[in-house]
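Visitor: For the record, the sequence lines run as chains R and A.
Every letter in the first sequence is one number past the one before it in our numbering, and letter 15, counting from 1, is 15.
In our numbering, each number is its position in the second sequence, counted from 1, plus 1000.
Idealized CB from N, CA, C, for every residue including glycine.
There are 2 protein chains.
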Amino acid sequence: MLKEERHRHILSELSIRNRILLTDIADKLEVSEDTIRRDLKELHDVGKLKKVHGGAVAKSFNPFSFHQEEIYDHPNKVLIARKAIHLIKENQAYLITGGTTNLELISLIPPDIACTFFTPSLQAAMRLLQFPNIETILIGGKVSPDAQITTGGEALKLLSRLRVDLCFLGTGHLDAEFGISEFDWDVVELKQAIIAASRKVASLTLSVKLNSIQRYKIAEINSIDTLVTELPANHESLEKFKSKGLHIL
Amino acid sequence: MLKEERHRHILSELSIRNRILLTDIADKLEVSEDTIRRDLKELHDVGKLKKVHGGAVAKSFNPFSFHQEEIYDHPNKVLIARKAIHLIKENQAYLITGGTTNLELISLIPPDIACTFFTPSLQAAMRLLQFPNIETILIGGKVSPDAQITTGGEALKLLSRLRVDLCFLGTGHLDAEFGISEFDWDVVELKQAIIAASRKVASLTLSVKLNSIQRYKIAEINSIDTLVTELPANHESLEKFKSKGLHIL
DNA sequence: ATATATTCTGCGTTTTATTGCAATTATTTG
DNA sequence: CAAATAATTGCAATAAAACGCAGAATATAT
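1. Quick one: Cα of Glu1135 (chain A) to Cα of Leu22 (chain R), how far?
2. Which residues in the same chain as Lys200 (chain R) place their Cβ atom closer than 6 Å to its Cβ, once the five residues preceding and following it in sequence are excluded?
3. Per DSSP, which residues does Ile248 (chain R) bridge with? Please list them.
4. Below 7 Å CB to CB, which residues in the same chain sit around Ser207 (chain R) once its five sequence neighbours on both sides are set aside?
5. State the beta-bridge partners of Phe1131 (chain A) as determined by DSSP.
6. Under three-state DSSP, which class holds Val1031 (chain A)?
7. Classify Glu239 (chain R) as helix, strand or coil using the three-state DSSP reduction.
8. Do the CB positions of Leu169 (chain R) and Thr100 (chain R) come within less than 8 Å of each other?
9. For the stretch 211-223 of chain R against the stretch 174-182 of chain R, are there 3 or more C-beta pairs whose distance is under 8 Å?
10. One question on the structure: do Ile106 (chain R) and Arg127 (chain R) come within less than 8 Å of each other, judged by their Cβ atoms?
11. Determine the direct distance from the alpha carbon of Leu43 (chain R) to that of His7 (chain R), and round the result to whole angstroms.
12. Kindly indicate which three-state DSSP category Glu154 (chain R) falls into: helix, strand or coil?
13. Alpha carbon to alpha carbon, how far is Val187 (chain R) from Asp1112 (chain A)? Give it in angstroms, no decimals.
14. Identify the continuous beta strand (DSSP E) that holds His1173 (chain A) and give its terminal residues.
15. Using only the alpha-carbon positions, how far apart do Ile80 (chain R) and Thr205 (chain R) sit?
16. Of the residues A:Ser1203, A:Ile1088, A:Asp1045 and A:Glu1239, which one's Cα is nearest the Cα of Leu1227 (chain A)?
17. From which residue to which residue does the beta strand (DSSP E) around Ala1219 (chain A) run?
18. Does the CB of Gln1214 (chain A) have a neighbour CB from chain R at under 8 Å?
19. To which residues of the same chain is Asp1027 (chain A) closer than 6 Å at the C-beta, ignoring the five residues directly before and after it?
20. Along the stretch 116-130 of chain R, where does the CB come closer than 7 Å to a CB of chain A? Name the residues.
21. Does Glu1090 (chain A) come within less than 8 Å of chain R when only Cβ atoms are used?
22. Have a look at Ser12 (chain R) and Asp39 (chain R) and give me their C-alpha separation to the nearest angstrom.
23. Would His74 (chain R) count as contacting chain A if we go by Cβ distances under 8 Å?
24. Counting only beta-carbon separations shorter than 8 Å, does Gly1170 (chain A) have a partner in chain R?
25. Taking only three categories from DSSP, how would you classify Lys83 (chain R)?
26. Could you name the residues of the same chain whose beta carbon sits closer than 8 Å to that of Ile1195 (chain A), not counting the 5 residues immediately before and after it, in chain order?
27. Given that Leu1158 (chain A) touches chain R, what residues does it touch there, using C-beta distances under 9 Å?
28. Does any residue of chain A have a CB that is nearer than 8 Å to the CB of Ser107 (chain R)?
29. Under a three-way DSSP split, which group does Ser144 (chain R) fall into?
30. Mind reading off the beta-carbon distance from Leu1095 (chain A) to Ser1198 (chain A)? Whole number of angstroms is fine, and I expect it under 8 Å.
31. Measuring from the CB of Asn1211 (chain A), is there a heavy atom of the ligand COA at a distance below 7 Å?
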């Protein structure tokens, strides 16, 4: 039996059953388990299935599965969100960008709080909708596929007419000297407009993003009023940010 | 039973019931509670659910968690979408509203087609993002929690400046005499603006929605150029629409 | 056609992952 | 506070994966 045949067999079986056990196929195709293991590894490497302990499962037929992708360093993001949640108060207006840390923050919002959130992030908007007393205003515009946020002239125009109490500035790169920077120019423009539209700026950032610089500068580091990381507030690596006048949580 | 299968089972159960008891799953999947506890911990750590004492609760509203099968009258919607998909051509600009039939249409769009879609629907926007050559422009505004679409002045303002080739008008109520109607005033305003912004109007509608009237009238029935239902084009119940000048697919 | 190189396969061996159990420690609830 | 219910921890049995190797099969070059 040729390798190709086995591969075809495996994939067709998988498309029907959605799962297969390594031992079953090895038995059925009368080859050693090692061979099947190698087959599965190959198919896994080219993304045609997902190898798991004991066999393989079909890749989700659902084209939206990528939205469920695992969140990098999730526990620390929860930690950050916990610290920052106290910044959200009744009857205030907020701006919030995308990024998983901000999404985490949203899911920690007290259920019945009444306030207003402006956001360019589709995901953030979706999550905010679950709160009965939160008014969600989506900033319109061209949607950037990677970040799933709206950008461009329309968005900037709306932001220029806006003034909120606080914004939660998502994932960016922070450097005490260079300031806040980003890779994508559309996002840079958007974040500049967001900062301009906010009385105060909070940034929820994993410490790995500190002391890193990207291509385009968004603003000086002291544009941020409150910096929230997973580190304790007195951690030495936060000293230089503190000396720039940032409030550390 | 593979670990992966348990995880899927847990997540799907959770997406339906929003909460699960540890003992219930352990019992149902016939593994020890310890195993399920470990599963929940893993899923919790990657942020897919929230582990609580005694079980787990769903993380947040997940717009894609609904099961394809559970959509009301799904097969007919696919049928409608299939008929309508030919209306989408290269390099055109479209407006599309929400509604599951329209979402179905989106998922049938040829993968590499290049065109522009304007939409007030978060779900539609999310789905459109998977197409590399489609430009998605989200119409901003206050998000209506039930319909998950943006409404209000901002949206209307943008629409007033817009002119697209064709719009796909989602779920509404159609009556040959009374015209197009809706229950929710915000949506009425929005749809009027959408019709005004479109050179041609297509409506994808299940036949049960025909000959039904809602509180507010959106427009005359002949505002619609093309009507797509799951019925064959020569079905008698479509006659009166045909006589009003609508093109039936 | 023959020789050579490359890939494929199966078999031990070692390493790692998964699972259930028991004892201990936490949480919840009346 | 006390009883009941869960969670945690360490441990052992089992199953699976990874690794290296050698022989077989296949492809390639001369």
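Guide: Well, looking at it:
1. The count along the second sequence starts at 1 and reaches residue 1135 (chain A) at position 135. The count along the first sequence starts at 1 and reaches residue 22 (chain R) at position 22. Glu1135 (chain A) and Leu22 (chain R): Cα-Cα distance of roughly 43 Å.
2. As a working note, residue 200 (chain R) is residue 200 in the first sequence. The residues are Leu166 and Asp225.
3. For this step, residue 248 (chain R) is matched to residue 248 along the first sequence. Ile248 (chain R) pairs with R:Leu227.
4. Against the first sequence, residue 207 (chain R) aligns to sequence position 207. Thr229, Glu230, Leu231 and Ser237, listed in sequence order.
5. Working through the second sequence from its first residue, we reach residue 1131 (chain A) at position 131. In the DSSP output, where bridge partners are listed per residue, Phe1131 (chain A) has none listed.
6. The residue labelled residue 1031 (chain A) in the question sits at position 31 within the second sequence. Three-state DSSP puts Val1031 (chain A) in coil, outside helix and strand.
7. Translated into the one-based positions of the first sequence, residue 239 (chain R) becomes position 239. The answer is helix: DSSP assigns Glu239 (chain R) an H, G or I state.
8. Taking the first sequence and counting its residues from 1, one reaches residue 169 (chain R) at position 169. Taking the first sequence and counting its residues from 1, one reaches residue 100 (chain R) at position 100. Result no, Cβ atoms of Leu169 (chain R) and Thr100 (chain R) do not sit closer than 8 Å.
9. Three or more Cβ pairs drawn from the stretch 211-223 of chain R and the stretch 174-182 of chain R lie within less than 8 Å of each other, which places the two stretches in contact.
10. Counting from one through the first sequence, the residue named residue 106 (chain R) turns up at place 106. Counting from one through the first sequence, the residue named residue 127 (chain R) turns up at place 127. Result yes, Cβ atoms of Ile106 (chain R) and Arg127 (chain R) sit closer than 8 Å.
11. To locate residue 7 (chain R), count along the first sequence from 1; it is residue 7. To locate residue 43 (chain R), count along the first sequence from 1; it is residue 43. Looking at the two C-alpha atoms, the distance is approximately 8 Å.
12. Translated into the one-based positions of the first sequence, residue 154 (chain R) becomes position 154. Residue state, collapsed to three classes: helix.
13. Within the second sequence, numbered from 1, the residue matching residue 1112 (chain A) stands at position 112. Within the first sequence, numbered from 1, the residue matching residue 187 (chain R) stands at position 187. Near 25 Å, if we compare the C-alpha coordinates of Val187 (chain R) and Asp1112 (chain A).
14. Here residue 1173 (chain A) refers to the residue found at position 173 when the second sequence is read from its first residue. That run of the beta strand (DSSP E) goes His1173 to Asp1175.
15. Sequence index remark: in the first sequence, residue 80 (chain R) carries index 80 (1-based). Sequence index remark: in the first sequence, residue 205 (chain R) carries index 205 (1-based). If I take the Cα positions, the gap works out to 8 Å.
16. As a position in the second sequence, residue 1227 (chain A) is number 227, starting the count at 1. Selected option, being the one with the closest Cα: A:Ser1203.
17. Within the second sequence, the letter at position 219 stands for residue 1219 (chain A). Tyr1216 to Ala1219 is the extent of the beta strand (DSSP E) around Ala1219 (chain A).
18. What you label residue 1214 (chain A) is simply residue 214 of the second sequence in a count that begins at 1. Output row for Gln1214 (chain A): interface = no.
19. As a first step, residue 1027 (chain A) is located in the second sequence; it is residue number 27 there, counting from the start. Counting only Cβ-Cβ distances below 6 Å, and skipping sequence neighbours, we find nothing.
20. Leu122, Ala125, Met126, Arg127, Leu129 and Gln130
21. Taking the first residue of the second sequence as 1, we reach residue 1090 (chain A) at position 90. With 8 Å as the cut-off, Glu1090 (chain A) does not count as an interface residue toward chain R.
22. By one-based count along the first sequence, residue 12 (chain R) stands at place 12. By one-based count along the first sequence, residue 39 (chain R) stands at place 39. Ser12 (chain R) and Asp39 (chain R) have their C-alpha atoms roughly 14 Å apart.
23. Within the first sequence, numbered from 1, the residue matching residue 74 (chain R) stands at position 74. It does: the Cβ of His74 (chain R) has a partner Cβ on chain A nearer than 8 Å.
24. As a working mapping, residue 1170 (chain A) is identified with position 170 in the second sequence. No - not a single Cβ of chain R is within 8 Å of the one on Gly1170 (chain A).
25. For this step, residue 83 (chain R) is matched to residue 83 along the first sequence. Reduced to three states, the DSSP call for Lys83 (chain R) is helix.
26. Reading the second sequence from its first residue, position 195 is the one you call residue 1195 (chain A). Hits under 8 Å: Cys1167, Leu1169, Val1201, Ile1218, Ala1219 and Ser1223.
27. On the second sequence, residue 1158 (chain A) is found 158 positions in, with the first residue counted as 1. Here the neighbours are Gly140 and Glu154.
28. Position 107 of the first sequence, counted from the first residue, corresponds to residue 107 (chain R). Taking Cβ atoms only, chain A reaches closer than 8 Å to Ser107 (chain R), which makes this a yes.
29. Residue 144 (chain R) sits at position 144 when you count from the first residue of the first sequence. Looking at Ser144 (chain R) - three-state DSSP - the assignment turns out to be strand.
30. As a first step, residue 1095 (chain A) is located in the second sequence; it is residue number 95 there, counting from the start. As a first step, residue 1198 (chain A) is located in the second sequence; it is residue number 198 there, counting from the start. Correct: roughly 6 Å between the Cβ atoms.
31. The ligand COA is not among the ligands present in this structure, which contains no ligands whatsoever.
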